[in-house]
């Protein structure tokens with residue numbers, strides 16, 4: 001049974017999820033997520049060592065098509081939806097020198 | 101509207117026979133929208149010009165002696181998480197504002213190919229996360245039967261559009277009950293098909309192993325008509341079931357004589373309002389009167405379903421929603437570096453409930469907690485499948501409430517996410533198992549608001565489920581006494 005969710009946990013998870021939270025939001029989410037995880041304690045406490053997990057309702061298999069040229073979405077139409085484009089590519093701010 | 105057919109089946113028959121004009125049908129529904137959409141807010145976008153143009157094409161084809169198809173001239177409202185080429189698709193989120201998909205969802209293309217006319221994109225809880233349509237970035241939808249109350253969620257706009265007469269049928273998506281619960285609260289029919297029966301291509305993903313598209317309607321026959329139009333294998337969706345589709349329309353009148361129907365013990369006790377439970381027992385009696393055998397069955401793992409769902413669905417959502425990064429479409433909030441731009445965009449673009457679920461999912465998947473939460477939840481999913489398998493050895497169908505209560509009032513649960521989540525207890529298990537389920541209106545509750553009863557079937561059990569639904573529809577106490 002994991003320990004109760006802390007404010008630092010929420011701050012860390014928000015960082016991983018690329019969300020910026022105010023101090024008030026951190027407090028609110030710590031309470032609310034804690035309540036949901038407390039409710040999930042009935043699951044966390046179960047002894048399921050011999051049970052196989054089910055990730056998906058269908059038995060999944062790779063689906064491949066023949067390697068032939070087919071119609072696809074229009075490149076300009078796709079790029080036309082982007083906030084910023086340059087030379088037929090998506091444009092983003094600097095990525096070098098960032099913190100990981 | 102009085103001289104025009106009220107059901108999709110009636111409209112399609114009239115249009116195909118040249119007795120009713122598709123244009124008149126569309127104009128009549130647009131007039132109803134004009135009159136009361138301001139109170140209900142079922143739509144994010146009404147496609148008035150597009151619908152009129154599409155209806156005119158249908159009428160021209162009929163005049164030329166062609167058959168436009170089984171849904172000829174039927175107005176359909178589409179949940180705004182279904183991609184419509186060149187038309188805004190928002191998921192009721194700021195982060196997708198202004199986005200126009202470069203392709204149609206398979207269900208949208210199939211409806212158009214059968215003669216249906218898209219009349220609007222309906223409001224939803226942002227990215228289909230919620231049980232009341234209060235989480236939309238564009239404001240809530242109101243229950244047409246009492247505008248002080250929620251329509252349910254997340255497909256609240258699609259349910260309300262049908263209940264308000266804006267369209268005879270609509271499409272929603274159901275990840276944990278998002279079709280069936282609003283159908284129950286608005287007093288209409290709502291169907292979640294077997295996972296993989298309907299293509300998810302072009303449905304904006306929330307939780308990919310749980311999401312399924314399905315119909316809303318006022319009659320069981322209309323739900324069958326719509327499901328038969330959209331069901332079947334799609335090579336563009338690798339999780340689509342690759343086998344011939346069994347239509348449900350032809351079996352609707354086959355009755356339930358000899359079928360065993362199981363009342364789910366765990367969903368008839370604590371937490372279920374007494375007036376709702378009473379309606380479910382009446383529905384069981386109606387099925388018995390029609391020749392079914394009613395048995396009590398236990399599906400113990402459903403009590404863990406809710407906890408498992410609120411770990412699995414957010415985990416999948418946190419992964420699916422990582423694509424909203426401000427780079428390729430939708431909102432971008434500028435910042436000096438890409439990481440800062442990503443965070444600024446997501447912080448500004450997502451609402452509270454979406455952020456809550458992304459964080460819940462990220463936590464459940466994170467190192468140190470994966471085994472305790474996500475891993476355990478996947479094992480509980482196995483238990484639910486096993487328990488359903490055992491139940492379906494004793495019964496052909498299962499019966500339960502759709503929602504523990506009738507429609508609640510705005511704001512009642514918005515500050516308490518857990519209370520809101522508990523509302524999905526009856527609907528979630530069939531998403532985890534991938535099984536079909538549907539909600540059929542069964543009279544008013546103690547407060548005069550609609551009660552929905554839920555039929556559950558094993559995978560690909562839609563034909564049997566629809567047979568029972570038709571019997572329940574014929575026996576159901578009228579909702580007419582409800583105040584509009």
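Protein chains in written order, with our numbering: chain V, 1 to 100; chain E, 101 to 584. Where a beta carbon is used, it is the ideal one built from N, C-alpha and C, also for glycine.
Are residue 477 (chain E) and residue 40 (chain V) close, meaning C-beta to C-beta below 9 Å? Here residue 477 (chain E) refers to the residue found at position 377 when the second chain is read from its first residue. Here residue 40 (chain V) refers to the residue found at position 40 when the first chain is read from its first residue. Against a cut-off of 9 Å, the Cβ pair of residue 40 (chain V) and residue 477 (chain E) comes out as a contact.
Taking a cut of 8 Å between CB atoms, which residues from the stretch 438-460 of chain E lie near chain V? Taking 8 Å as the Cβ-Cβ cut-off against chain V, the residues of the stretch 438-460 of chain E that qualify are 438, 439, 440, 441, 442, 443, 444, 446, 447, 450, 455, 456, 458, 459, 460.
Does residue 6 (chain V) get closer than 9 Å to chain E when you measure Cβ to Cβ? Translated into positions along the first chain, residue 6 (chain V) becomes position 6. No, residue 6 (chain V) does not count as interfacial toward chain E.
Between V:86, V:78, V:3, V:89, which lies nearest to residue 45 (chain V) when the distance is taken from Cα to Cα? Within the first chain, numbered from 1, the residue matching residue 45 (chain V) stands at position 45. Considering only V:86, V:78, V:3, V:89, the residue with the shortest C-alpha distance to residue 45 (chain V) is V:3.
By DSSP, does residue 222 (chain E) sit in helix, in strand, or in coil? Counting from one through the second chain, the residue named residue 222 (chain E) turns up at place 122. Residue 222 (chain E): strand per DSSP, three-state reduction.
Cβ-based burial, residue 101 (chain E) [other Cβ within 10 Å; buried from 16]: Your numbering for residue 101 (chain E) matches position 1 in the second chain. Residue confidence for residue 101 (chain E) is low, a pLDDT of 43 falling below 50, so the modelled location carries little weight and cannot support an answer.
Pick helix, strand or coil for residue 87 (chain V), following the three-state DSSP scheme. Within the first chain, the letter at position 87 stands for residue 87 (chain V). Coil at residue 87 (chain V), not helix or strand.
Helix, strand or coil, according to DSSP, for residue 341 (chain E) in the structure here? Counting from 1 along the second chain, the entry for residue 341 (chain E) is found at position 241. Here residue 341 (chain E) sits in coil by DSSP.
Residue 119 (chain E) classed as buried or exposed, judged by whether at least 16 other C-beta atoms fall within 10 angstroms: The residue you call residue 119 (chain E) lines up with position 19 of the second chain. By the neighbour-count rule (16 or more Cβ atoms within 10 Å), residue 119 (chain E) is not buried but exposed.
9 Å Cβ cutoff, residue 202 (chain E) in contact with chain V: Walking along the second chain from the start, residue 202 (chain E) turns up at place 102. Output row for residue 202 (chain E): interface = yes.
C-beta neighbour in chain V for residue 560 (chain E), strict 9 Å: Within the second chain, numbered from 1, the residue matching residue 560 (chain E) stands at position 460. With 9 Å as the cut-off, residue 560 (chain E) does not count as an interface residue toward chain V.
Residue-level contact to chain E via CB, residue 54 (chain V), 9 Å cutoff: The residue labelled residue 54 (chain V) in the question sits at position 54 within the first chain. At least one beta carbon of chain E lies nearer than 9 Å to the beta carbon of residue 54 (chain V).
Helix, strand or coil, according to DSSP, for residue 188 (chain E) in the structure here? Sequence index remark: in the second chain, residue 188 (chain E) carries index 88 (1-based). Looking at residue 188 (chain E) - three-state DSSP - the assignment turns out to be coil, as it is neither helix nor strand.
Beta-carbon proximity list for residue 495 (chain E), same chain, < 7 Å, skipping 5 on both sides: On the second chain, residue 495 (chain E) is found 395 positions in, with the first residue counted as 1. 360, 361, 362, 395, 397, listed in sequence order.
What does residue 65 (chain V) touch in chain E if you count any residue whose Cβ is under 9 Å from its own? Locating residue 65 (chain V) in the first chain gives position 65, counting from the first residue. Under the 9 Å cutoff, chain E gives 335.
How long is the line joining the alpha carbons of residue 139 (chain E) and residue 251 (chain E), rounded to whole angstroms? Position 39 of the second chain, counted from the first residue, corresponds to residue 139 (chain E). Position 151 of the second chain, counted from the first residue, corresponds to residue 251 (chain E). The alpha-carbon of residue 139 (chain E) is positioned some 13 Å away from that of residue 251 (chain E).
Within 9 Å, strictly: CB atoms of residue 223 (chain E) and residue 276 (chain E): Counting from 1 along the second chain, the entry for residue 223 (chain E) is found at position 123. Counting from 1 along the second chain, the entry for residue 276 (chain E) is found at position 176. A distance of 9 Å or more separates the beta carbons of residue 223 (chain E) and residue 276 (chain E).
Proximity of residue 21 (chain V) and residue 462 (chain E) at Cβ, strictly below 9 Å: Walking along the first chain from the start, residue 21 (chain V) turns up at place 21. Walking along the second chain from the start, residue 462 (chain E) turns up at place 362. No. Outside cutoff.
Report the option in E:263, E:528, E:550, E:487 whose CA atom is closest to the CA atom of residue 505 (chain E). Sequence index remark: in the second chain, residue 505 (chain E) carries index 405 (1-based). It is E:550.
Indicate the three-state DSSP secondary structure (helix, strand or coil) for residue 437 (chain E) in the structure shown. Within the second chain, the letter at position 337 stands for residue 437 (chain E). Strand at residue 437 (chain E).
C-beta contact flag for residue 568 (chain E) and residue 555 (chain E) at 9 Å: Within the second chain, residue 568 (chain E) is the residue found at index 468, counting from 1. Within the second chain, residue 555 (chain E) is the residue found at index 455, counting from 1. Yes, these two residues count as a Cβ contact at 9 Å.
Do residue 565 (chain E) and residue 536 (chain E) have their C-beta atoms closer together than 9 Å? Indexing the second chain from 1 puts residue 565 (chain E) at position 465. Indexing the second chain from 1 puts residue 536 (chain E) at position 436. Judged by their CB atoms, residue 565 (chain E) and residue 536 (chain E) are nearer to each other than the 9 Å cut-off.
Kindly list, in the order they appear in chain E, the residues whose Cβ is closer than 7 Å to that of residue 83 (chain V). Position 83 of the first chain holds residue 83 (chain V). What residue 83 (chain V) touches in chain E: 426, 432.
Determine the closest residue to residue 431 (chain E) out of V:49, V:81, V:56, with distance taken between C-alpha atoms. Indexing the second chain from 1 puts residue 431 (chain E) at position 331. Residue V:81 is the option with its Cα nearest to residue 431 (chain E).
I need the DSSP call for residue 242 (chain E), collapsed to helix, strand or coil. Residue 242 (chain E) sits at position 142 when you count from the first residue of the second chain. Coil at residue 242 (chain E), not helix or strand.
Where does residue 385 (chain E) land, buried or exposed, given buried means 16+ other C-beta within 10 angstroms? Within the second chain, residue 385 (chain E) is the residue found at index 285, counting from 1. Exposed, by the Cβ-count rule.
Given that residue 74 (chain V) touches chain E, what residues does it touch there, using C-beta distances under 7 Å? By one-based count along the first chain, residue 74 (chain V) stands at place 74. Residues of chain E passing the Cβ test: 202.
Roughly how many angstroms lie between the CA atoms of residue 483 (chain E) and residue 402 (chain E), to the nearest whole one? By one-based count along the second chain, residue 483 (chain E) stands at place 383. By one-based count along the second chain, residue 402 (chain E) stands at place 302. The alpha-carbon atoms of residue 483 (chain E) and residue 402 (chain E) are separated by roughly 9 Å.
Under the three-state reduction of DSSP, which class applies to residue 313 (chain E): helix, strand or coil? Taking the second chain and counting its residues from 1, the one referred to as residue 313 (chain E) is at position 213. Strand.
Pick from V:56, V:6, V:5, V:10: whose alpha carbon is nearest that of residue 485 (chain E)? Counted from its first residue, the second chain places residue 485 (chain E) at position 385. The shortest C-alpha separation from residue 485 (chain E) is found at V:56.
Compute the beta-carbon to beta-carbon distance between residue 437 (chain E) and residue 94 (chain V), rounded to the nearest angstrom, for a pair I have assumed lies under 8 Å. Against the second chain, residue 437 (chain E) aligns to sequence position 337. Against the first chain, residue 94 (chain V) aligns to sequence position 94. Contact between residue 437 (chain E) and residue 94 (chain V) is confirmed by a C-beta separation of about 6 Å, below the 8 Å threshold.
Can you give the Cα-Cα distance for residue 563 (chain E) and residue 353 (chain E), rounded to whole angstroms? For this step, residue 563 (chain E) is matched to residue 463 along the second chain. For this step, residue 353 (chain E) is matched to residue 253 along the second chain. If I take the Cα positions, the gap works out to 11 Å.
Range covered by the alpha helix (DSSP H) that runs through residue 177 (chain E): The count along the second chain starts at 1 and reaches residue 177 (chain E) at position 77. Segment 175-179 is the beta strand (DSSP E) holding residue 177 (chain E); no alpha helix (DSSP H) there.
Along the stretch 475-489 of chain E, what residues have a CB closer than 9 Å to any CB found in chain V? If the cut-off is 9 Å between Cβ atoms, the stretch 475-489 of chain E has 475, 476, 477, 478, 479, 480, 481, 482, 483, 484, 485, 486 near chain V.
Measuring straight from C-alpha to C-alpha, what distance separates residue 273 (chain E) and residue 314 (chain E)? Counted from its first residue, the second chain places residue 273 (chain E) at position 173. Counted from its first residue, the second chain places residue 314 (chain E) at position 214. The alpha-carbon atoms of residue 273 (chain E) and residue 314 (chain E) are separated by roughly 6 Å.
Buried or exposed: residue 322 (chain E), going by 16 or more other Cβ atoms within 10 Å of its Cβ? The sequence position of residue 322 (chain E) within the second chain is 222, counting from 1. Its Cβ being crowded by 16 or more others within 10 Å, residue 322 (chain E) is buried.
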